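In the UniProt record's numbering, the protein residues as written are 1 to 902.
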């Protein structure tokens, strides 16, 4: 959708549609590169002192480093020489760092470095000799007296100058028949080089074999060039014949070509289950069974021995103890089958990314939600967006949607600056494959950035990129400072147009495509992922349902603009820490065997800035590393609100696909009366199956409405009979023909016949405040309303439809976020979770009485019940804690007295 970089605002109910122009932001010129004598780290020119001598950073090995790299290494690196690992000493004129005061000796360059006593050769030659000497030592070479000899020079010197090398084209006349080419096996000394030798090598254990170049070397046991070419052609043909299994799978059919390798890695599963070893899980199960036996004996004694003198206290104590026991059982049994999972990213690439062909990986729409930029700093949101735009995934398959539910111009301007900085940041991340790809946390890492980075351009570009990011931070912070004072007449845009969201509670819907439209590319000319700003319409008198309503608006507007089959939802303070996180999720979602039944892939939450003792228990180790693994062995983990990849069709309220069972075998050896009984039973089953088939056959009839809806888009009139299925879809999804057509496309894509103007109008239409009226949004479709913790409710509804979820724990954490840093924030967070659980407990979606007869498994239901009733445990806990004090005051106890007779 091309908006030519303009903000789209409007209201469907008021028939408003406006395109607001904005001035183009000036580009920042690139950093000027220096030339001359180069530094071995960054490639810049080494400084020359007043005495005409070059700058020497290390007095031990004289490794050539410029002053800028020296100061940078002392200030932010490991403060050591990259070659000899000696700690750098402070040089006169350079700032001090921590540890300089402990050094002894004079703080003077002339006293520390006695350059005059060394060789009088050119200092640059000394540095180059030292560098070459280091390389030669690593290769096992010995330097000459006159200079430094490289391994290539030693190898060339070992061969006589008058002996030409072997050529496969024709035989050299200068070689006598007894001095034909000799191929040294690779396990011999210097076996990597093939050259003629005038005499046998005495180091060889076997006598040399004379070989005629005119003959085929296969006779001697070696391959010729022609043989190598034949092998390459065969491999090429095999790759062309290779049939990549599509996302739908091959339905168990055999491959037609028998020449294809049967165990090709591209056809193997993309993931596998790793069950917990029995030596670890069986003792845990045994302890649970022992505790159950002890609980049974305990309640047998408590119930059969009431205290008549304090019957009320005894009854209250027994009720509290039963509640505790039931809560413990609900918490323990979902952990009975814990599993772990392993993904194979290389197989995913072999299956869906064939060389020379477009990538077949599925598209992903990423949702980022924010409300108040004063509570959620724009710089944190910008880092999250930058980590999404630079993810290791095809750029044409990623679209980032930022939901600004506060309609703040500060968020809009911050995204504008972010999109400009992304043109430099994204190519830098992909060029050097850095991790993480959120600049704030990448530059904050205290690691040796020179390790494993032999390209000198990396250090230079990293330093330039850090300067660019510091300037970007200054611009964002200046916007935040400017937003502290709101003008009386409200905010205005650069072209003088009033900001549509000046009234937070009464403003039209707004859409701005920052990246992804024609003409906007990075500084290297490559395409960038889409970045779209969305602010839904808000009017007085409407219930907007907070975060759940904002997420449903993003579902609809993304279906109109990009319609990716999978969605990733992250909070504004959760950045992508692993650039391959989307690929990890696709190993489950795009698996041809089990991927169709997976509704979402949940990643664990990891946090930055937590103290070593984790005093507020932000890590939630028991929940994320134990409980969720147990649920993954049943029907899948619960949805925790962020770091989750969804299947769009599952969010639309559709049931999970049902696997067809193979027909049962029949036997003719049974007596007739058994056959009659079987026939009666089969007739009953056939009646039930026919009724079920009728219900199932209704779905394909609805799918024929796609053609009618597309015709409606193109302006073709439809018959009344054809409009009936469309009316049913409108009651479920709303009155948007473009969106309804997109819901019927399982593989995503934009409906045919839709123009840019119609897409713009439909995008504004689907985010209008009255679009969800009299529809199933928030009831059966999208994020479910009715609770502050909409995440638990939404995942519960999907599991009730028969879907299963997957828990993915990569070796490198996929996402990282910000955790509460003080007690008040932590208590507010826990109180919000408890309030949401109580709301679910009192609603019709309570797992105690909702969802029976569907695809929800019993142990999975236990876990949902435990997550809903845990706040109520505080009441019996408080009562049980007060019972000892009451017993001491009244002199009555909840247990019978024990009378001992001697």
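Every residue, glycine too, gets a C-beta built ideally from N, C-alpha and C.
Here the structure is a predicted model, which is why all the values come from computation and not from measurement.
Proximity below 9 Å, CB of residue i to CB of residue j
i           : j           : result
residue 369 : residue 577 : no
residue 385 : residue 568 : no
residue 639 : residue 837 : no
residue 895 : residue 305 : yes
residue 785 : residue 321 : no
residue 460 : residue 43  : yes
residue 303 : residue 629 : no
residue 840 : residue 868 : yes
residue 787 : residue 843 : yes
residue 572 : residue 376 : yes
residue 742 : residue 749 : yes
residue 551 : residue 803 : no
residue 479 : residue 399 : no
residue 585 : residue 391 : no
residue 778 : residue 464 : no
residue 91  : residue 64  : no
residue 558 : residue 401 : yes
residue 602 : residue 846 : no
residue 643 : residue 407 : no
residue 564 : residue 364 : yes
residue 307 : residue 892 : yes
Alpha helix (DSSP H) segment containing residue i, residue limits
i           : result
residue 70  : 67-76
residue 552 : 546-561
residue 864 : 858-869
Supposed contact pair residue j and residue i - C-beta distance, whole angstroms, cut 8 Å
i           : j           : result
residue 922 : residue 510 : Since the first and last residues shown for the chain are 1 and 902, residue 922 lies out of range.
residue 760 : residue 8   : 6 Å
residue 860 : residue 799 : 6 Å
residue 810 : residue 591 : Rounded, the Cβ-Cβ distance is 16 Å, inconsistent with contact.
residue 66  : residue 39  : 4 Å
residue 762 : residue 781 : At roughly 17 Å, the Cβ-Cβ gap does not stay under 8 Å, so residue 762 and residue 781 are not in contact.
residue 337 : residue 634 : 6 Å
residue 903 : residue 583 : Outside the modelled stretch of the chain, which goes from 1 to 902, sits residue 903, for which no answer is possible.
residue 380 : residue 632 : That pair is no contact at about 30 Å.
residue 330 : residue 834 : Not quite, the Cβ-Cβ distance comes to about 17 Å (not below 8 Å), so this is no contact.
residue 618 : residue 871 : 19 Å between Cβ atoms; not a contact.
Given residue i as reference, the closest of the options once Cα atoms are compared
i           : options            : result
residue 397 : 52, 834, 352       : 352
residue 522 : 395, 841, 364      : 395
residue 538 : 643, 733, 342, 404 : 404
residue 473 : 867, 421, 780      : 421
residue 812 : 347, 541, 604      : 604
residue 443 : 833, 646, 64, 77   : 77
residue 75  : 86, 64, 63, 98     : 98
residue 856 : 877, 771, 636, 611 : 636
residue 542 : 771, 58, 488       : 771
residue 437 : 611, 574, 55, 736  : 574
residue 297 : 278, 307, 283, 325 : 325
residue 271 : 457, 341, 529, 70  : 341
residue 959 : 752, 487, 654      : Because the chain here runs from 1 to 902, residue 959 falls outside it and cannot be looked at.
residue 659 : 606, 597, 616, 515 : 597
residue 910 : 55, 823, 897       : The structure shown does not extend to residue 910, since the chain is modelled only from 1 to 902, so the question has no answer here.
residue 94  : 55, 898, 84, 83    : 55
residue 488 : 328, 446, 503, 481 : 503
residue 359 : 546, 366, 350      : 350
residue 727 : 888, 774, 367, 752 : 774
Span of the beta strand (DSSP E) around residue i
i           : result
residue 903 : Here the chain has residues from 1 to 902 only, and residue 903 is not among them.
residue 569 : 566-571
residue 594 : Here residue 594 belongs to no beta strand (DSSP E), and DSSP marks it neither H nor E.
residue 644 : 644-647
residue 531 : 530-535
residue 300 : Premise fails: residue 300 lies in the alpha helix (DSSP H), 278-304, not in any beta strand (DSSP E).
residue 343 : 339-343
residue 608 : 606-608
residue 313 : Not the beta strand (DSSP E): residue 313 falls in the alpha helix (DSSP H), residues 311-332.
residue 842 : Per DSSP, residue 842 belongs to no beta strand (DSSP E) and is neither H nor E.
Review point. Can you list the beta strand (DSSP E) stretches of 3 or more residues lying completely in the stretch 480-518, in chain order?
Key: 509-515
Check your understanding: Of all the alpha helix (DSSP H) runs that stay within the bounds of the stretch 364-450, which reach a length of 4 or more residues?
Key -> 378-389, 409-432, 439-443
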